[in-house]
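Note that the sequence shown covers residues 2 to 331 in our numbering.
Even glycine gets a Cβ: it sits at the ideal position worked out from N, Cα and C.
Treat the numbers as computed from the prediction; the structure is a model and nothing was measured.
Data block below; observations after.
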Amino acid sequence: MSDFAHDLPKAELHLHIEGTLEPELMFELAQRNGVAVPYTSVEEVRAAYVFTDLQSFLDIYYAACDVLRTEADFHDLARAYLERAAAQGVRHAEIFFDPQTHTARGVPFADVVGGIHRALASSDISSRLILCFLRHLSPEDAMATLEEALPHLDLIDGIGLDSSEVGNPPGRFADVFRRARELGLFAVAHAGEEGPPSYITEALDQLAVRRIDHGVRCIEDDGLVERLARDRVPLTVCPLSNVRLAVFPSMADHTIGELLDRGLCVTVNSDDPAYFGGYVGDNYRAIADELGLDRDQLVTLARNSFEAAVLEPAERAQHLEALEAFLRAG
Ligand code: ADE
Ligand code: ZN
Numbered sequence: 002m003s004d005f006a007h008d009l010p011k012a013e014l015h016l017h018i019e020g021t022l023e024p025e026l027m028f029e030l031a032q033r034n035g036v037a038v039p040y041t042s043v044e045e046v047r048a049a050y051v052f053t054d055l056q057s058f059l060d061i062y063y064a065a066c067d068v069l070r071t072e073a074d075f076h077d078l079a080r081a082y083l084e085r086a087a088a089q090g091v092r093h094a095e096i097f098f099d100p101q102t103h104t105a106r107g108v109p110f111a112d113v114v115g116g117i118h119r120a121l122a123s124s125d126i127s128s129r130l131i132l133c134f135l136r137h138l139s140p141e142d143a144m145a146t147l148e149e150a151l152p153h154l155d156l157i158d159g160i161g162l163d164s165s166e167v168g169n170p171p172g173r174f175a176d177v178f179r180r181a182r183e184l185g186l187f188a189v190a191h192a193g194e195e196g197p198p199s200y201i202t203e204a205l206d207q208l209a210v211r212r213i214d215h216g217v218r219c220i221e222d223d224g225l226v227e228r229l230a231r232d233r234v235p236l237t238v239c240p241l242s243n244v245r246l247a248v249f250p251s252m253a254d255h256t257i258g259e260l261l262d263r264g265l266c267v268t269v270n271s272d273d274p275a276y277f278g279g280y281v282g283d284n285y286r287a288i289a290d291e292l293g294l295d296r297d298q299l300v301t302l303a304r305n306s307f308e309a310a311v312l313e314p315a316e317r318a319q320h321l322e323a324l325e326a327f328l329r330a331g
């Protein structure tokens, strides 16, 4: 069951490209760019990846981004992700990037988006690119970032909201989300990872998001669970991330099975795979092995991933047909 889960054709909808920076590539880019890193070996880097909560992870994750300097760096980062994802059944990927982390260091917006796009354009995996605003920064900073993105909107499909959740409710970003939606971008937001269920409601009501990233804390509010089920609002759940960031004490405590049973459009994703011990197929494998999800539930998760993706009807039908062909062959 576990190999079946790993190999299933699937879409990945919650993936921060900066979170795919493996320690080996970090050292390679540090050397290429003459940037100092506070580690002496790959083992030392991996040993540092012990987190107590979201912020303890974000501090290390933003620091590591310092090695990303050029268009080629962003290209190599995205290409490495796409190769790993393809080996774990990913047929479609909707990829987050955090431009503010890079433009604040003087890296041109065009190099960030251009490098990522060059890798996406040469891959067999279909893709969408999602610009995430950092919610620990101001709404004005987010609006300025959207302005900076305007010359590149042909390469950007959606917007998201990430970084430190608690104390930074979605409603602060209502204006910039409205402007982005007017520009034709689709909207998603992280909510209910560490923050309360009310942040999920706020993201739906004030940001008009089409998916909720994480969203696992919805389970604390029955009315919200019913709303998410009725409206088929997808949740992009990230099991290994949730355990590494102590959202759940262990995989055995994860509520993804219950969310599925309650009729939600749940999907499985990797979030920041270089930091959390695995790519998306590894996440499917973990819930099959450790939560005992059965074949039907795993197939539902894969189907949901294509249902929740931002695809044209013909593209969606092709991906779903490829999934059915895989199931018939197995
Ligand atoms: N940025 C990268 N990963 C994140 C996560 N899991 N939550 C919020 N912001 C993030
Ligand atoms: Zn995330």
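Query: Tell me which residue opens and which closes the alpha helix (DSSP H) that Thr301 is part of.; Result: 296 to 309
Query: In or out: Ala275 buried (at least 16 other Cβ within 10 Å) or exposed?; Result: buried
Query: At the level of alpha carbons, what is the spacing between Asp232 and Leu265?; Result: 9 angstroms
Query: Answer yes if the stretch 130 to 143 comes into contact with the stretch 166 to 181, meaning at least three C-beta pairs across the two stretches below 8 angstroms, and no otherwise.; Result: yes
Query: From Asn270 to Ala330, what distance separates their C-alpha atoms?; Result: 24 angstroms
Query: Pull up the CB-CB distance for Arg182 and Ala190, whole angstroms please, since I reckon it's below 8 angstroms.; Result: Actually they are not in contact, since the Cβ atoms of Arg182 and Ala190 sit about 12 angstroms apart, beyond 8 angstroms.
Query: Give me the Cβ distance between Thr268 and Ala309, rounded to the nearest whole Å; I'm assuming they're in contact under 8 angstroms.; Result: 5 angstroms
Query: Would the C-beta of Tyr200 count as close to the ligand ADE, meaning under 8 angstroms from any of its heavy atoms?; Result: no
Query: Where Glu291 and Phe52 are concerned, what is the direct C-alpha to C-alpha distance, given to the nearest angstrom?; Result: 21 angstroms
Query: Shortest alpha-carbon distance to Ala94 belongs to which of Ile18, Glu45, Leu22, His137?; Result: Ile18
Query: What would DSSP say about Arg212, mapped onto helix, strand or coil?; Result: strand
Query: So, for Val248: in the same chain, excluding its five sequence neighbours on each side, which residues have a beta-carbon less than 7 angstroms away from its beta-carbon?; Result: Glu194, Glu195, Val217
Query: Is the beta carbon of Ile1 less than 9 angstroms from the beta carbon of Met252?; Result: Since the first residue of the chain shown is 2 and the last is 331, residue 1 is not available in this structure.
Query: Considering only their Cβ atoms, is the gap separating His15 from Asp214 smaller than 9 angstroms?; Result: yes
Query: Could you tell me if Arg106 is buried or exposed, where buried requires 16 or more neighbouring beta carbons within 10 angstroms of its beta carbon?; Result: exposed
Query: Looking at C-alpha atoms only, which residue of Asp54, Val114, Ala88, Ala86 is the closest neighbour of Leu69?; Result: Val114
Query: For Arg129, which beta-bridge partners are listed by DSSP?; Result: Glu95
Query: I believe Ala87 touches Ile126 by the beta-carbon criterion, under 8 angstroms. Please report the beta-carbon distance rounded to the nearest angstrom.; Result: 6 angstroms
Query: Grab the span of the alpha helix (DSSP H) containing His118 for me, first residue to last.; Result: 110 to 122
Query: If contacts are defined as beta-carbon pairs under 8 angstroms, then Arg80 and Ala120 qualify, I think. What distance do you get, rounded to the angstrom?; Result: 4 angstroms
Query: Within 10 angstroms of its Cβ, does Ala37 collect 16 or more other Cβ (buried), or is it exposed?; Result: exposed
Query: Using a threshold of 8 angstroms, is the CB atom of Cys66 nearer than that to any non-hydrogen atom of the ligand ZN?; Result: no
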